[in-house]
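Novice: For the sequence shown, this note's numbering assigns the number 420 to the initial residue and increments by one for each residue that follows.
Just so you know, even glycine gets a beta-carbon here, dropped at the ideal spot from N, CA and C.
Okay, handing you the structure first.
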Amino acid sequence: MAEVADVRPYGRLDASRVSMVETGLGRPLPPVYRAWLGSTNGAYIVGEHGIPGCPFVLFEERPLFGVHPHFRPFDLLAADGLYRRPWLSTDYLVVAAPSGGLLVVRVAAPGADTVLLLPEDAMTGQPGAAADAVRERHLVPLADDVNDFGHQLRRLA
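See below:
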């Protein structure tokens, strides 16, 4: 049986830092994710975690991104360029790069704040709007928002 998640926030971000992230991204964050980011600055994952039955695994080296400009592998803005731009439109924000794909939050309406998985096997093709649209048809909804996602996350045995 899967155990309750051991997810540890990195800390807090004041409103001006969150606004700086939005400026850097060139788009506003959806409200629930924005509040979560401000109260956690991303999260460190202790052990292997996932949602039972979903094909992804988060672990120490694959956390939920925050604002860490001096450590780009865990930085939300760096992730936008590294992971989102080649695979998805600006309607999405990559919030983690677990084993098995990408975890994203929808930033555009309708469905803003929804947490989804882009499975690794859908990460194919050339960058561009037409290919982004094809990949986005493969997104798997996981949770209504990041808080619901956190409640579903479990430590994997």
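Identify, in the order they occur along the chain, each residue of the same chain with its Cβ nearer than 6 Å to the Cβ of Asp551, setting aside the five sequence neighbours on each side.
Specialist: Mapped onto the sequence shown, residue 551 falls at position 132. These residues qualify, in order along the chain: Leu507 and Ser508.
Novice: So who's on the other strand from Pro560, going by DSSP bridges?
Specialist: Mapped onto the sequence shown, residue 560 falls at position 141. Paired residue(s): Leu535.
Novice: I'd like the ranges of any beta strand (DSSP E) spanning at least 3 consecutive residues and lying wholly in the region 474 to 525.
Specialist: Runs of the beta strand (DSSP E) inside the region 474 to 525: 511 to 515 and 520 to 525.
Novice: I want to check one thing, is the minimum distance from the CB of Asp564 to the heavy atoms of the ligand ZN below 7 Å?
Specialist: Among the components modelled here there is no ligand, and therefore nothing to report on the ligand ZN.
Novice: Bridge partners of Ile464, per DSSP?
Specialist: Taking the sequence shown and counting its residues from 1, one reaches residue 464 at position 45. Per DSSP, Val426.
Novice: List the DSSP bridge partners of Arg574.
Specialist: Numbered from 1 along the sequence shown, position 155 holds the residue referred to as residue 574. In DSSP, Arg574 forms a bridge with Glu422 and His468.
Novice: Quick check: what's the CA-CA separation for Arg556 versus Asp510?
Specialist: Within the sequence shown, the letter at position 137 stands for residue 556. Within the sequence shown, the letter at position 91 stands for residue 510. For Arg556 and Asp510, the distance between alpha carbons rounds to 13 Å.
Novice: In angstroms with no decimal places, state the Cα-to-Cα distance between Val514 and Leu535.
Specialist: Numbered from 1 along the sequence shown, position 95 holds the residue referred to as residue 514. Numbered from 1 along the sequence shown, position 116 holds the residue referred to as residue 535. Rounded to the nearest angstrom, the two C-alpha atoms are 10 Å apart.
Novice: Would you mind working out which of Leu561, Arg573 and Asn566 sits nearest Gly461, comparing C-alpha positions?
Specialist: Counting from 1 along the sequence shown, the entry for residue 461 is found at position 42. Nearest C-alpha to Gly461: Asn566.
Novice: Rounded to a whole number of angstroms, what is the C-alpha to C-alpha distance between Ala562 and Val524?
Specialist: Mapped onto the sequence shown, residue 562 falls at position 143. Mapped onto the sequence shown, residue 524 falls at position 105. Near 10 Å, if we compare the C-alpha coordinates of Val524 and Ala562.
Novice: Run through DSSP, which three-state label would Met439 get?
Specialist: Start at 1 with the first residue of the sequence shown, and residue 439 comes out as number 20. In the structure shown, Met439 sits in a helix (DSSP, three-state: H, G or I).
Novice: Just tell me which of Val553, Ala548, Leu522 and Gly547 has its CA closest to the CA of Leu572.
Specialist: By one-based count along the sequence shown, residue 572 stands at place 153. The residue with the shortest Cα to Cα distance from Leu572 is Leu522.
Novice: Alpha carbon to alpha carbon, how far is Ala454 from His468?
Specialist: For the purposes of this step, residue 454 is taken as the residue at position 35 of the sequence shown. For the purposes of this step, residue 468 is taken as the residue at position 49 of the sequence shown. Distance between the alpha carbons of Ala454 and His468: 23 Å.
Novice: Kindly indicate which residue of Leu444, Val553, Leu477 and Ile464 has the alpha-carbon position closest to the one of Leu501.
Specialist: Residue numbering aside, residue 501 sits at position 82 when the sequence shown is read from its first letter. Closest by alpha carbon: Leu444.
Novice: If you drop the 5 nearest sequence neighbours on each side, which residues of the same chain put their C-beta closer than 7 Å to that of Pro505?
Specialist: Taking the sequence shown and counting its residues from 1, one reaches residue 505 at position 86. So the qualifying residues of the chain are Pro546.
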